[in-house]
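Following: one structure in structure tokens, then a few remarks.
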Amino acid sequence: MLGLMQEWPLNCHKLIDHAARQYPDREIVSRSIEGPIVRTNYAELRQRSLKVSQLLRRDGYRRGDRIATLAWNTARHIETWYGIMGIGAVYHTLNPRLFPEQIAWIMNHAEDRGVFVDLTFLPLLEKIAPSVGSLRQVIVLADAKNVPDVNLPNVVAYEEWLAAADGDFAWETFDENTAAGMCYTSGTTGEPKGVVYSHRSNVLHAMLAALPDSMGISSRDVVLPVVPMFHANAWGLAHSCPMLGAKLVMPGARMDGPSIYELLDTEKVTFTAAVPTVWLMLLQHLEETGKTLPHLRKVVIGGSACPRSMIRKFQDNYGVDVVHAWGMTEMSPLGTLCTMKPQHAETEGDERLDIQQKQGFTPFGVEMKITDDDNRELPWDGSTFGRLKVRGPAVARSYYGGTGAEQFDEDGWFDTGDVAHIDHSGYMQITDRAKDVVKSGGEWISTIELENLAVGHPALAEAAVIGVSHPKWGERPLLVAVCKPGKEPDKSDILRFMEGRVAKWWLPDDVAFVDEIPHTATGKIQKSRLRELFRDYRLPGD
Ligand code: AMP
Numbered sequence: 399m400l401g402l403m404q405e406w407p408l409n410c411h412k413l414i415d416h417a418a419r420q421y422p423d424r425e426i427v428s429r430s431i432e433g434p435i436v437r438t439n440y441a442e443l444r445q446r447s448l449k450v451s452q453l454l455r456r457d458g459y460r461r462g463d464r465i466a467t468l469a470w471n472t473a474r475h476i477e478t479w480y481g482i483m484g485i486g487a488v489y490h491t492l493n494p495r496l497f498p499e500q501i502a503w504i505m506n507h508a509e510d511r512g513v514f515v516d517l518t519f520l521p522l523l524e525k526i527a528p529s530v531g532s533l534r535q536v537i538v539l540a541d542a543k544n545v546p547d548v549n550l551p552n553v554v555a556y557e558e559w560l561a562a563a564d565g566d567f568a569w570e571t572f573d574e575n576t577a578a579g580m581c582y583t584s585g586t587t588g589e590p591k592g593v594v595y596s597h598r599s600n601v602l603h604a605m606l607a608a609l610p611d612s613m614g615i616s617s618r619d620v621v622l623p624v625v626p627m628f629h630a631n632a633w634g635l636a637h638s639c640p641m642l643g644a645k646l647v648m649p650g651a652r653m654d655g656p657s658i659y660e661l662l663d664t665e666k667v668t669f670t671a672a673v674p675t676v677w678l679m680l681l682q683h684l685e686e687t688g689k690t691l692p693h694l695r696k697v698v699i700g701g702s703a704c705p706r707s708m709i710r711k712f713q714d715n716y717g718v719d720v721v722h723a724w725g726m727t728e729m730s731p732l733g734t735l736c737t738m739k740p741q742h743a744e745t746e747g748d749e750r751l752d753i754q755q756k757q758g759f760t761p762f763g764v765e766m767k768i769t770d771d772d773n774r775e776l777p778w779d780g781s782t783f784g785r786l787k788v789r790g791p792a793v794a795r796s797y798y799g800g801t802g803a804e805q806f807d808e809d810g811w812f813d814t815g816d817v818a819h820i821d822h823s824g825y826m827q828i829t830d831r832a833k834d835v836v837k838s839g840g841e842w843i844s845t846i847e848l849e850n851l852a853v854g855h856p857a858l859a860e861a862a863v864i865g866v867s868h869p870k871w872g873e874r875p876l877l878v879a880v881c882k883p884g885k886e887p888d889k890s891d892i893l894r895f896m897e898g899r900v901a902k903w904w905l906p907d908d909v910a911f912v913d914e915i916p917h918t919a920t921g922k923i924q925k926s927r928l929r930e931l932f933r934d935y936r937l938p939g940d
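Counting from 399, one number per residue, gives the positions in the sequence shown under my numbering.
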């Protein structure tokens, strides 16, 4: 017997319809690429998205066509997403921080037919476009008067293009499993792999992201997604915020400390989210200027491990709650978030930080387990670590074109490539990427744990640990560190600071000071590059 409830396909345009009906005047504020702050609201945003749909149809795009975006976080970028999805086409976010050849490879693989591009990225697109055979239209997200002469096919200025539509258009209807969006993993090794989100997975993810023990956002919040829309869907915020009616503040191209602070302050932002590197810049700005964060209630930090010292500073110095989160492009992207379960609600000080340093527990809609290399499930005891595997309605079941099939098993589990332990209360902690873990004498050493510890040293700005080959142990950890301006600690200082806080045999064999640590296009430490740089490094006593 079947239930007798209505079929109501989970299409993404329903999110923006809801926002426009229930919260028509709620603002979306953007730092425009041209410079000034511009304001729109959900009613206008929906209207302009409908025009995007109408014109894409007029220009010959069809259901399933991939249409790329090469853009910062602005209201215009959100309009293009809803407009593309509204005709059943697929928005494909491109990460401008990748090398031009990688972007060209990705666009060719996805066979992008059109691209919405910010002014900033026109020179980049000029390098890429000649090698992308499928590309037939370039829509520049600006007024005609701001679009320079460029060597690109079929260039139109977004505002003039949009002016040709009257918005008398209805979203198309299609199955909720229709593809909605696409994003390639950054692929530090091997070729990038395409993740294809569906309308259903985006809507379900928007819901699970918003839950009180996930991001916990409401219509009363003012949300600043610093995490780019090209980095795993801005962690779902461009879907969750319209669903909730939260005010959005979009930072455009400027993510430095002073620019972010200005928006937090003038727009009275209550909730924000980004990777740790962004928050390093903001905290440094606050320390230099003595400014405070009176409006900010909560910050979600993920994408790479959040250092304990960062959680402490936000909470103790500025009264801002930190939610540490873990996820990946393949998971839409949220996997776990670290809020306090009832048994931990009253914990304070170091005990609370111990919990908050973990990446947290899964919301409804994500299942996880850890296994050994033979796929045997491991206990949730807070110390045994193994391969982290996940499944759920917003987790990929395969990559575009079927590459990387070995990461998916027949029971639907996706091997994340992360190594983690899970404690009795269900809190997961990432100890490494499977390929970064240091294997010393057959035992595993967590590089992330060592890095977290090292950056707690008052003289260090950033730290990375890599395995360096060792004749006796196979590999031993080397700490690569960047000092804060004006600080010159010596190696023994740093090692003494770490002593007693991890097992003795985990302590790095040496410390190498560098001016800069290389990062990937999504802000993670580029361990592969570091390993290359230190390939011939000789540890003391070797
Ligand atoms: P991406 O798909 O670019 O978002 O990268 C996903 C990967 O980033 C994960 O598989 C993890 O290795 C890493 N990652 C994300 N969040 C965290 C976190 N909070 N702590 C440690 N690693 C993280």
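We treat Cβ as the ideally placed atom computed from N, Cα and C, and that holds for glycine.
Neighbour-count burial assignment, TRP871, 16 or more Cβ in a 10 Å radius: Result: buried.
Bridge-paired residues (DSSP) for MET605: Answer is none; MET605 lacks a bridge partner.
CB of VAL863 within 8 angstroms of CB of THR845, strictly: yes
Assigned exposure category for LYS885 - 16 Cβ within 10 Å defines buried: A residue is called buried once 16 or more other Cβ atoms fall within 10 Å of its Cβ, and LYS885, having fewer, is exposed.
Option nearest TRP904 by Cα separation, candidates SER926, ASP913 and LEU876: LEU876
Validate contact between the region 596–603 and the region 726–736 using beta carbons, cut 8 angstroms, 3 pairs: yes
Whole-angstrom distance between PRO649 and PRO692, CA atom to CA atom: Rounded to the nearest angstrom, the two C-alpha atoms are 19 angstroms apart.
When THR518, LEU517 and VAL488 are compared against MET505, the one with the closest alpha-carbon: VAL488
Supposed contact pair SER532 and GLU509 - C-beta distance, whole angstroms, cut 8 angstroms: 4 angstroms
Own chain partners of GLY512 with C-beta closer than 6 angstroms, once the 5 adjacent residues on each side are dropped: ILE465 and GLN535
The region 474–490 in contact with the region 897–911 per 3-pair CB rule at 8 angstroms: no
Inter-residue Cα distance where the pair is LEU646 and ARG424: 8 angstroms
Nearest-angstrom Cα separation, counted from ALA540 out to ALA555: 6 angstroms
Per-residue burial, GLY579 [other beta carbons within 10 Å of its own, 16 or more giving buried]: buried
Burial state of MET726, where buried means 16 or more other Cβ atoms lie within 10 Å: buried
Contacting residues, own chain, Cβ-Cβ under 8 angstroms from THR571 (five flanking each side not counted): PRO407 and ASN409
Segments assigned beta strand (DSSP E), at least 3 residues, entirely inside the region 835–909: 836–838, 841–843, 858–868 and 872–881
HIS629 classed as buried or exposed, judged by whether at least 16 other C-beta atoms fall within 10 angstroms: The C-beta of HIS629 has 16 or more other C-beta atoms within 10 Å across all chains shown, which makes the residue buried.
Cβ pair count under 8 angstroms reaching 3, the region 809–817 against the region 618–627: No, the region 809–817 does not touch the region 618–627.
ALA803 versus THR583: straight-line alpha-carbon distance, rounded: 15 angstroms
Nearest-angstrom Cβ-Cβ length linking GLY592 and HIS507, presumed shorter than 8 angstroms: Between GLY592 and HIS507 the beta-carbon gap is near 7 angstroms, inside 8 angstroms, which marks them as a contact.
Sequence-distant residues of the same chain with beta carbon closer than 8 angstroms to GLU775, five excluded per side: LYS767, ILE768 and THR769
Straight-line gap, VAL553 to SER823 (C-alpha atoms, nearest Å): 55 angstroms
Reference GLY462, options GLY486, SER447 and ALA879, closest by Cα: The candidate whose alpha carbon is nearest that of GLY462 is GLY486.
8 angstroms Cβ cutoff met for LEU751 and ILE709: yes
Chain-order list of residues whose beta-carbon lies under 7 angstroms from that of ILE501 (same chain, five-residue window excluded): LEU492 and ILE526
Residue environment, GLY839, which counts as buried when at least 16 other CB atoms sit within 10 Å: Exposed, by the Cβ-count rule.
Selection from PRO705, GLY701 and ARG785 that minimises the alpha carbon distance to THR918: Considering only alpha carbons, the answer is GLY701.
Burial state of THR690 (16 or more Cβ within 10 Å): exposed
Completely contained alpha helix (DSSP H) runs for the region 497–551, where each covers 4 or more residues: Complete alpha helix (DSSP H) runs here, min 4: 498–508 and 520–526.
ASP821 beta carbon less than 8 angstroms from that of TRP778: yes
Closer than 7 angstroms: MET726 CB and nearest the ligand AMP heavy atom: Flag set: Cβ of MET726 near the ligand AMP.
Within 8 angstroms, strictly: CB atoms of PHE759 and LYS787: no
Residues bridged to GLY655 [DSSP beta-bridge criterion]: GLY655 is not bridged to any residue.
ILE709 - DSSP class collapsed to helix/strand/coil: helix
PRO626: CB within 7 angstroms of a non-hydrogen atom of the ligand AMP: Not under cutoff, so the answer is no.
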